[in-house]
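Presented below is the structure to which this report refers.
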Amino acid sequence: MNPFIICIVTIDDMEKAALIARVLVEKKLVACVNIVPQIRSIYSWKGQIYDESECLMIMKTRRELFGKLQTAAKELHPYEVPEIIALEIAEGLPAYLSWIDESTRPKF
Amino acid sequence: MNPFIICIVTIDDMEKAALIARVLVEKKLVACVNIVPQIRSIYSWKGQIYDESECLMIMKTRRELFGKLQTAAKELHPYEVPEIIALEIAEGLPAYLSWIDESTRPKF
Amino acid sequence: MNPFIICIVTIDDMEKAALIARVLVEKKLVACVNIVPQIRSIYSWKGQIYDESECLMIMKTRRELFGKLQTAAKELHPYEVPEIIALEIAEGLPAYLSWIDESTRPKF
């Protein structure tokens, strides 16, 4: 099991996305967040099909933080059941992975 | 092997992407599709380099459906050899993963 | 370990992204690159939080090329420590995976 992951979260608004991203970076739960604006999301919910505008958040962090990240993101997120999923980073530039590691550890 | 995946498909037009997405959701082959508009794709095809506008589709489903999803997406897709790839979801919010599971199982 | 990966790189400018993409495709280090424009990146760097506009590059290639790809992308990239990470492709349309394979092997 590799120690680093990307975490994907979708949300309906760029400013909410930026707020959540900033809180998670400040709490050192993630090293960075890329927010892709204006994606179109098509999904089924309680038997109906929806076609809505969302943002896609792509976070980079350490796998052992996923539990805490999940809890914090869920608390900040307006949805009842938000998309919060993680994919394993298989390889990466060593200096970049070190930066993810340092950015997600408390200073003291 | 984890039971959930994201599936990535690229296509040259947003309305075609939305149509394919809706069919796959209605058929319960995927729970949801995020469509990223106006990406720029640079690739080589039969010895020539192309630089074209596409959309990126990110689908969430169960891994055991990938064969059926691949067949259905290929049939609906205008390209000779479309990009249809899957990445394993390593972890996720349990309620969200349950929703993917329920949304991709026939009602009766 | 599956033989194919997607590689994610972020960069601050679309034309730089397109240039790097073209060089990597010409060198047969990647089969294709999708560039997502105008993403918003929130991250911490040397104790400060930044909120900046970037592009997201998603490349498809063979895993055994990641070392060479990493070196080439780092040389072309303006950042001191660029994001260069790889995720394993778990499954894919066989014809598409073959195309990735052929597109990343020297002709002679």
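Residue numbers (the working numbering), protein chains in the order written: chain S, 1 to 108; chain Z, 109 to 216; chain C, 217 to 324. Quick reminder that beta carbons are idealized off the backbone N, C-alpha and C, glycines included. These numbers come from a predicted model, not from an experiment.
**Request:** Give the DSSP bridge partners of GLN264 of chain C, in chain order.
**Result:** C:TRP261
**Message:** With distance defined between alpha-carbon atoms, name the residue in C:GLN264, C:ILE305, C:ASP229 nearest to ILE222 of chain C.
**Reply:** C:ILE305
**Message:** Tell me the rounded alpha-carbon separation between HIS77 of chain S and PRO322 of chain C.
**Reply:** 48 Å
**Request:** Decide if SER269 of chain C is buried, meaning its Cβ has at least 16 other Cβ atoms within 10 Å, or exposed.
**Result:** exposed
**Prompt:** The beta strand (DSSP E) with ILE197 of chain Z in it runs from where to where?
**Reply:** Taken as a continuous stretch (DSSP letters only), ILE197 of chain Z belongs to no beta strand (DSSP E), as it is neither H nor E.
**Item:** Best match in Z:ILE208, Z:ARG170, Z:THR212 for proximity to GLU307 of chain C [C-alpha to C-alpha]
**Value:** Z:ARG170
**Asked** Is DSSP giving ARG105 of chain S helix, strand or coil here?
**Response** coil
**Message:** Under 8 Å, Cβ to Cβ, is there at least one residue of chain C near GLU26 of chain S?
**Reply:** yes
**Asked** With C-beta atoms as the reference, is VAL33 of chain S less than 8 Å away from MET59 of chain S?
**Response** yes
**Asked** Run through DSSP, which three-state label would LYS182 of chain Z get?
**Response** helix
**Separation of LYS176 of chain Z from ASN218 of chain C, as counted between CA atoms** = 21 Å
**Request:** Reducing DSSP to helix, strand and coil, say where LEU113 of chain S ends up.
**Result:** Residue 113 of chain S falls outside the range modelled here, since chain S spans only 1 to 108, and no answer is possible.
**Item:** MET109 of chain S - DSSP class collapsed to helix/strand/coil
**Value:** An answer regarding residue 109 of chain S cannot be provided, because it is not within the stretch 1 to 108 covered by chain S.
**Prompt:** Does the distance from the CB of ILE301 of chain C to the CB of LYS290 of chain C come in under 8 Å?
**Reply:** no
**Asked** THR226 of chain C and SER257 of chain C: beta carbons closer than 8 Å?
**Response** yes
**Through-space distance from LEU272 of chain C to TYR96 of chain S, alpha-carbon basis** = 16 Å
**Simplified DSSP assignment, three categories, for GLU270 of chain C** = strand
**Candidates S:ALA72, S:LYS27, S:ILE100, S:ASP51, of which the one nearest ARG298 of chain C by Cα** = Correcting the residue identity first, residue 298 of chain C is Pro in this sequence and not Arg. The shortest Cα separation from PRO298 of chain C among S:ALA72, S:LYS27, S:ILE100, S:ASP51 belongs to S:ILE100.
**Message:** Taking the alpha-carbon of GLU22 of chain S as reference, which of S:GLU80, S:SER98, S:ALA72, S:TYR79 has the nearest alpha-carbon?
**Reply:** Residue identity check: residue 22 of chain S is Arg in the sequence provided, not Glu. Nearest C-alpha to ARG22 of chain S: S:ALA72.
**Request:** Output yes or no for whether 8 Å exceeds the beta carbon distance between LEU303 of chain C and LEU87 of chain S.
**Result:** yes
**Asked** Within the 8 Å Cβ cut-off, does ILE251 of chain C reach chain Z?
**Response** yes
**Request:** Give a yes or no on whether the minimum CB-CB distance between ARG22 of chain S and chain C is below 8 Å.
**Result:** yes
**Prompt:** Looking at C-alpha atoms only, which residue of S:ILE39, S:THR104, S:GLN70 is the closest neighbour of MET14 of chain S?
**Reply:** S:ILE39
**Prompt:** In three-state DSSP terms, what is VAL141 of chain Z?
**Reply:** strand
**Message:** I'd like to know if ARG278 of chain C contacts chain B, where contact means its C-beta is closer than 8 Å to some C-beta of that chain.
**Reply:** Absence of chain B from the displayed structure is noted, the protein chains being S, Z and C.
**Message:** Here's the rule I'm using: 16 or more other beta-carbon atoms within 10 Å means buried, otherwise exposed. How should ILE265 of chain C be labelled?
**Reply:** exposed
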